[in-house]
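Asker: The structure is given below, and queries will be raised subsequently.
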Amino acid sequence: MEMRPVRKAVIPVAGNGTRFLPATKAMPKEMLTIVDRPVVQYAVDEAMQAGIEHIIFVTSRNKTAIEDYFDSNPELIASLTRAGKTVQVTQLEKMLPLAGTVSYTRQQVPLGLGHAVWCARELVGNEPFALLLPDMVSYGARGCMAGLVDLYEEVGGNVFGVEQCAPEETSSYGVVAIGESKQHGFEVTGMVEKPAPADAPSNYYLNGRYILQPQIFELLESQERGAGNEIQLTDSMQKLLQKQPFHAQPYTGRTFDCGSKRGFIEANVAFAILRSDMGEEIYHSVKELLANHESKVKAA
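Counting in the numbering used here, the sequence shown runs from 5 upward without gaps.
In structure tokens, the structure reads:
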């Protein structure tokens, strides 16, 4: 296969966020904040740090807040400038994407992740692309996508990030079968969606970061329904595995599932503790809360 650079990233943001109602009744779930930055910002930053040049958002109705967030706000900048808040002005200007490096397309009907990816086909074109699920937030010294680019440059084809779960938890994830080892990862010989622990080929699960070849669009074109009567990306990946190589890289950091309340709260605590302006204070506050909780449990 021809080795072409990964220049574009697809970020699906069309979901309704029903697990976070009522908060998501009037705002996109991707705009919920981890400390002081929306969840979607972490995915964009991770893509850019991996060398991605163009971000493609797959949106839906009532998601205009995401477009506004990645646009300029002259009135706000003018107000902050008059108030002498230069730090905030610099911060906002730094996060603003360059003109022409962000695109949006609509998923009119919620038909699953595979369908959302397919909606980006015209903007991606005939080239490999990164796919980042914004609910899955990387936490570590280096973003997961940067490591996948390293693996892709070594082996080509299709690659994705994996992490290990407890063996008894495989029925909650898409799990991969492990083949030959590589410098930055290993070959994938199969994928199983939510296998029972006894049937799982490993305890490595997909963590929401992919680099895929454009031939995936041809398979998604068939619009075949899978689990949940939705068009599943994994189904097409399994078909593509019969024709093209797949490799995986274990992520050395941790991925928080911010599509769940538990993962979202854990991410807020973890990222807050990392902050130089509040980390120590948050650490001691959490430690105190835990100590009080344990004493109440013992007393009960």
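The C-beta atom is built at its ideal place from N, Cα and C for all residues, glycine as well.
Owing to the predicted nature of the structure, the values given are computational and were not obtained by experimental measurement.
Just how far apart, CA to CA, sit L14 and M52?
Answerer: Locating residue 14 in the sequence shown gives position 10, counting from the first residue. Locating residue 52 in the sequence shown gives position 48, counting from the first residue. A quick correction: the sequence has Val, not Leu, at residue 14. Cα-Cα distance, rounded: 12 angstroms.
Asker: Can you give, in chain order, each stretch of the beta strand (DSSP E) that sits fully within the segment 188-229 and has at least 3 residues?
Answerer: DSSP runs (the beta strand (DSSP E)) wholly in the segment 188-229: 190-197 and 208-216.
Asker: Any contact between the segment 273-286 and the segment 159-170? By contact I mean 3 or more CB pairs, one from each, below 8 angstroms.
Answerer: No, the segment 273-286 does not touch the segment 159-170.
Asker: Is it true that the segment 175-192 meets the segment 99-108, where meeting means three or more beta-carbon pairs spaced less than 8 angstroms apart?
Answerer: Flag = no, the segment 175-192 and the segment 99-108 do not touch.
Asker: If you follow the beta strand (DSSP E) that P78 is part of, which residue opens it and which one closes it?
Answerer: On the sequence shown, position 74 is the one that residue 78 refers to. It is not in any beta strand (DSSP E) - P78 instead sits in the alpha helix (DSSP H) that spans P78 to R86.
Asker: Comparing C-alpha positions only, which one of Q45, T193, L210 and G189 sits nearest to D75?
Answerer: Within the sequence shown, the letter at position 71 stands for residue 75. Of the listed residues, the one whose Cα sits closest to D75 is Q45.
Asker: Can you give me the C-alpha to C-alpha distance between S264 and E270, rounded to a whole angstrom?
Answerer: Residue mapping note: residue 264 aligns to position 260 of the sequence shown, counting from 1. Residue mapping note: residue 270 aligns to position 266 of the sequence shown, counting from 1. Between S264 and E270, the C-alpha separation is close to 10 angstroms.
Asker: Would you call the segment 62-71 and the segment 16-24 touching, i.e. three or more CB-CB distances under 8 angstroms?
Answerer: Flag = yes, the segment 62-71 and the segment 16-24 touch.
Asker: What first and last residue would you give for the alpha helix (DSSP H) that runs through R266?
Answerer: As a position in the sequence shown, residue 266 is number 262, starting the count at 1. Start and end: K265 to L278.
Asker: Kindly indicate the opening and closing residues of the beta strand (DSSP E) around R110.
Answerer: Sequence index remark: in the sequence shown, residue 110 carries index 106 (1-based). Start and end: V106 to R110.
Asker: To test your reading of the DSSP string, which unbroken alpha helix (DSSP H) runs of 4 or more residues are found completely within the segment 124-167?
Answerer: Those alpha helix (DSSP H) runs which fall completely within the segment 124-167 and span 4+ residues are 125-128 and 148-159.
Asker: Can you list, in chain order, the residues of its chain whose CB lies under 6 angstroms from that of R125, leaving out five sequence neighbours each side?
Answerer: Position 121 of the sequence shown, counted from the first residue, corresponds to residue 125. Hits under 6 angstroms: F221.
Asker: Is DSSP giving P16 helix, strand or coil here?
Answerer: On the sequence shown, position 12 is the one that residue 16 refers to. In the structure shown, P16 sits in a strand (DSSP, three-state: E or B).
Asker: Using 7 angstroms as the threshold, is the C-beta distance between T193 and A202 below it?
Answerer: Position 189 of the sequence shown, counted from the first residue, corresponds to residue 193. Position 198 of the sequence shown, counted from the first residue, corresponds to residue 202. The answer is no: Cβ separation not under 7 angstroms.
Asker: Compute the Euclidean distance between the alpha carbons of S289 and G147, then round it to the nearest angstrom.
Answerer: Counting from one through the sequence shown, the residue named residue 289 turns up at place 285. Counting from one through the sequence shown, the residue named residue 147 turns up at place 143. Their backbone Cα atoms lie some 28 angstroms apart in a straight line.
Asker: If we count the other Cβ atoms within 10 Å of its Cβ and call it buried at 16 or more, is H297 buried or exposed?
Answerer: Looking up residue 297 in the sequence shown gives position 293. So H297 counts as exposed.
Asker: Using C-beta distances below 8 angstroms, list every residue in its chain close to S240, excluding the 5 sequence neighbours before and after it, in chain order.
Answerer: Taking the sequence shown and counting its residues from 1, the one referred to as residue 240 is at position 236. Cβ within range, chain order: G118, I220, L223 and L224.
Asker: Beta-carbon within less than 6 angstroms of D154's beta-carbon, same chain only, minus the 5 sequence neighbours each way: which residues are those?
Answerer: Position 150 of the sequence shown, counted from the start, is the residue given in the question as residue 154. Excluding residues within five positions, the ones whose Cβ falls inside 6 angstroms are H188.
Asker: For A200 and N211, what's the separation of their Cα atoms in angstroms?
Answerer: Indexing the sequence shown from 1 puts residue 200 at position 196. Indexing the sequence shown from 1 puts residue 211 at position 207. Rounded to the nearest angstrom, the two C-alpha atoms are 18 angstroms apart.
Asker: Looking at the secondary structure, which residues open and close the beta strand (DSSP E) in which D261 lies?
Answerer: As a position in the sequence shown, residue 261 is number 257, starting the count at 1. R258 to D261 is the span of the beta strand (DSSP E), which, as asked, contains D261.
Asker: Would you call E34 buried or exposed, if buried means 16 or more other Cβ atoms sit within 10 Å of its Cβ?
Answerer: Counting from 1 along the sequence shown, the entry for residue 34 is found at position 30. Answer is buried; the Cβ neighbour count reaches 16.
Asker: Among the residues of its own chain, which have a CB less than 8 angstroms from the CB of Y143, if the five just before and after it don't count?
Answerer: On the sequence shown, residue 143 is found 139 positions in, with the first residue counted as 1. Same-chain partners within the cutoff: G257, R258, T259, F260, A271, A274 and F275.
Asker: Apply the 10 Å Cβ neighbour rule to Q111 and answer buried if 16 or more other Cβ atoms are within range, or exposed otherwise.
Answerer: As a first step, residue 111 is located in the sequence shown; it is residue number 107 there, counting from the start. Buried is the call here.
Asker: Relative to the C-alpha of V196, which residue among Q242, N162 and L84 is closest?
Answerer: In the sequence shown, residue 196 corresponds to position 192, counting from 1. Nearest of Q242, N162 and L84 to V196, Cα basis: Q242.
Asker: If I56 sits next to R11, beta carbons under 8 angstroms apart, how far is it from one beta carbon to the other, in whole angstroms?
Answerer: Taking the first residue of the sequence shown as 1, we reach residue 56 at position 52. Taking the first residue of the sequence shown as 1, we reach residue 11 at position 7. The Cβ separation is near 7 angstroms, so the contact holds.
Asker: I'd like to confirm the pairing. Which residues does DSSP put opposite H58 in its beta bridges?
Answerer: Here residue 58 corresponds to residue number 54 of the sequence shown, with the count starting at 1. Answer by DSSP bridge pairing, in chain order: K12.
Asker: Is it right to say S206 is buried, meaning 16 or more other beta carbons lie within 10 angstroms of its own, or is it exposed?
Answerer: Translated into positions along the sequence shown, residue 206 becomes position 202. The residue is buried, with at least 16 neighbouring Cβ atoms inside 10 Å.
Asker: Determine, using beta carbons only, whether E50 and M149 come nearer to each other than 7 angstroms.
Answerer: Along the sequence shown, one-based indexing puts residue 50 at 46. Along the sequence shown, one-based indexing puts residue 149 at 145. Cβ atoms of E50 and M149: closer than 7 angstroms.
Asker: Tell me whether the beta-carbon of Q248 lies closer than 7 angstroms to the beta-carbon of G161.
Answerer: Along the sequence shown, one-based indexing puts residue 248 at 244. Along the sequence shown, one-based indexing puts residue 161 at 157. Result yes, Cβ atoms of Q248 and G161 sit closer than 7 angstroms.
Asker: Kindly say whether V62, judged by its beta-carbon, lies nearer than 7 angstroms to any beta-carbon of chain C.
Answerer: Absent here is chain C; the protein component of the structure consists of one chain.
Asker: According to DSSP, which residues form a beta bridge with Q253?
Answerer: Walking along the sequence shown from the start, residue 253 turns up at place 249. DSSP lists G165 as partners of Q253.
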